[in-house]
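Engineer: Numbering (my numbering), first residue to last: 20 to 171.
Every residue, glycine too, gets a C-beta built ideally from N, C-alpha and C.
For reference, the structure I am asking about is given below.
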Amino acid sequence: MILGIISDTHGVLRQNVLDALRGVNHVIHAGDIGNPEVIAALEQVAPTTAVRGNTDRESWAESLPSEEILTLADTTFFILHDLYNLSLDPAAAGIQVVISGHTHQPMVQMLKDVLYFNPGSASQRRRGGPLAIGRIRIAAHGILPEIIQLDR
20 MILGIISDTH
30 GVLRQNVLDA
40 LRGVNHVIHA
50 GDIGNPEVIA
60 ALEQVAPTTA
70 VRGNTDRESW
80 AESLPSEEIL
90 TLADTTFFIL
100 HDLYNLSLDP
110 AAAGIQVVIS
120 GHTHQPMVQM
130 LKDVLYFNPG
140 SASQRRRGGP
150 LAIGRIRIAA
160 HGILPEIIQL
170 DR
């Protein structure tokens with residue numbers, strides 16, 4: 020199973036982002052979506068799970084959770100926008116992957132057998148970081164994360 024991981028679109032979903040997501044089985048958006056059209060476009064790629072970010076304040080975003088626990092292919096994900104707001108100990112809760120956004124900086128880190136994954140921003144550079152999305156492949160031999168840098 021291949022998951023497309025995206026965050027911080029802020030209402031902008033470029034064609035190169037959609038192209039990079041082509042072929043994934045599920046999309047996860049870690050917040051600061053920007054508008055409902057972004058989710059609708061991602062749903063055309065694959066089933067999509069999304070959480071709201073700190074800038075998703077309009078009425079369309081009220082139905083989105085601020086955090087979500089999702090299990091796909093026997094792997095449990097905890098999804099939230101700002102890692103600073105993590106409300107549980109993922110390892111103790113049986114979470115294998117924590118997905119966040121907010122910083123606009125890609126990050127892949129293992130800590131206490133939990134993968135912490137931030138794909139960066141698909142629309143706005145910050146502090147010299149790249150425009151990026153992520154992919155996570157769930158295979159028989161493990162969880163394989165990848166950051167994909169995008170051209171403008």
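In the DSSP assignment, find the alpha helix (DSSP H) that holds ALA39 and state where it starts and stops.
Structural biologist: Start and end: 34–40.
Engineer: Check the DSSP bridge columns for TYR192 and list the partner residues they point to.
Structural biologist: Residue 192 is absent from the model: the chain starts at 20 and stops at 171.
Engineer: Roughly how many angstroms separate the alpha carbons of HIS121 and ALA159, rounded to a whole number?
Structural biologist: Using only the alpha carbons, I get a separation of about 31 angstroms.
Engineer: Which residue or residues does DSSP assign as beta-bridge partners of GLY161?
Structural biologist: Answer by DSSP bridge pairing, in chain order: ALA158.
Engineer: Are there three or more Cβ pairs, one per stretch, closer than 8 angstroms when the region 42–62 is compared with the region 103–116?
Structural biologist: Not touching, per the Cβ criterion.
Engineer: Under 8 angstroms between the Cβ atoms of HIS29 and GLN143?
Structural biologist: For HIS29 and GLN143, yes; Cβs fall inside 8 angstroms.
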